[in-house]
Amino acid sequence: IFLAAGSKHLTKSPDYALLDDWLKTGLLLSSGKKWKTRRRIITPSFHDSNLLANYIDIFNEQLDIGLKCFQTLADQQVETDLYPLISAWTLDVICETAMGKTVRAQTEESEYIKAVVRITELIALRTRSPWLWPRTIFKLTAQGREHDRLLKIIHKFTRQVRISMNGATYFALYVYHMS
């Protein structure tokens, strides 16, 4: 990210374009005037001194579940990659706090969770493979077709969450992420 004098111009690295199909151009991926407008809308939400306090029960509940998962693995005394466990905890917290949706990523297998994990791997692969950066070339590969299949799963889940949300929550999510 490059910020010019006075934050007048915000230009993101071309790498961000690899996330467009998944994350669209919400606050994270937008730039310039679009980013500034969305940031102005959502910024007041983060000035609430009780923001984290509102979600402490969710953090603690999900942490308890995560610690039980860690304990189960520790009892097995087997070397384990902790990244998937931490990612699952993070996904549980984000989905429940930001979307009001419990996904049980730490305790249950789901098509959505598998899709998020796999699409992240594919994006990382694409980031390291410049010949896959052009969208038209990427779409012709097996990885590109898998990416499109995973996007359908992820976007279906997101649509279902949006349908179940109240208007204010949906608007905040839209501004932040979904446009």
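Per our numbering: the sequence shown ends with 181, consecutive numbering throughout.
Idealized CB from N, CA, C, for every residue including glycine.
Considering only the beta carbon of each residue, do residue i and residue j sit closer than 7 angstroms?
i: F159; j: Y85; result: no
i: D17; j: L153; result: no
i: A126; j: I156; result: no
i: A107; j: A90; result: yes
i: T13; j: S32; result: no
i: C71; j: L87; result: yes
Go to residue i, then tell me how far its alpha helix (DSSP H) extends in each direction, as first and last residue.
i: L76; result: Just to set this straight, residue 76 is Ala in the shown sequence, not Leu. Looking at the DSSP string, the run of the alpha helix (DSSP H) that includes A76 is 53-78.
i: G146; result: 144-166
i: R40; result: 34-44
i: D23; result: 22-25
i: S141; result: Per the sequence presented here, residue 141 reads as Lys, with Ser not at that position. Taken as a continuous stretch (DSSP letters only), the alpha helix (DSSP H) holding K141 covers 137-141.
Applying the 10 Å Cβ sphere with the 16-neighbour rule, what's the burial state of residue i?
i: A19; result: exposed
i: I3; result: Note that I3 has pLDDT 47, beneath the 50 cutoff, so the model's placement of it is unreliable and the number below is only indicative. By the neighbour-count rule (16 or more Cβ atoms within 10 Å), I3 is not buried but exposed.
i: W133; result: exposed
For chain D, find out if any of its Cβ atoms is closer than 7 angstroms to the Cβ of residue i; answer yes or no.
i: I121; result: Here chain D cannot be found, since the structure has a single protein chain.
Legend entry - Contact between the region 36-46 and the region 125-145 (3+ Cβ pairs under 8 angstroms): They do not touch, by the three-pair rule.
Legend entry - Ranges of the beta strand (DSSP E) found wholly within the region 73-114, counting only runs of at least 3: For the region 73-114, not a single whole beta strand (DSSP E) run of length 3 or above is found.
Inset, instruction - Take every Cβ of the region 89-101, pair it with every Cβ of the region 62-69, and state whether three or more of those distances are shorter than 8 angstroms. - result: With a cut-off of 8 angstroms, the region 62-69 and the region 89-101 count as touching, because enough Cβ pairs lie within range.
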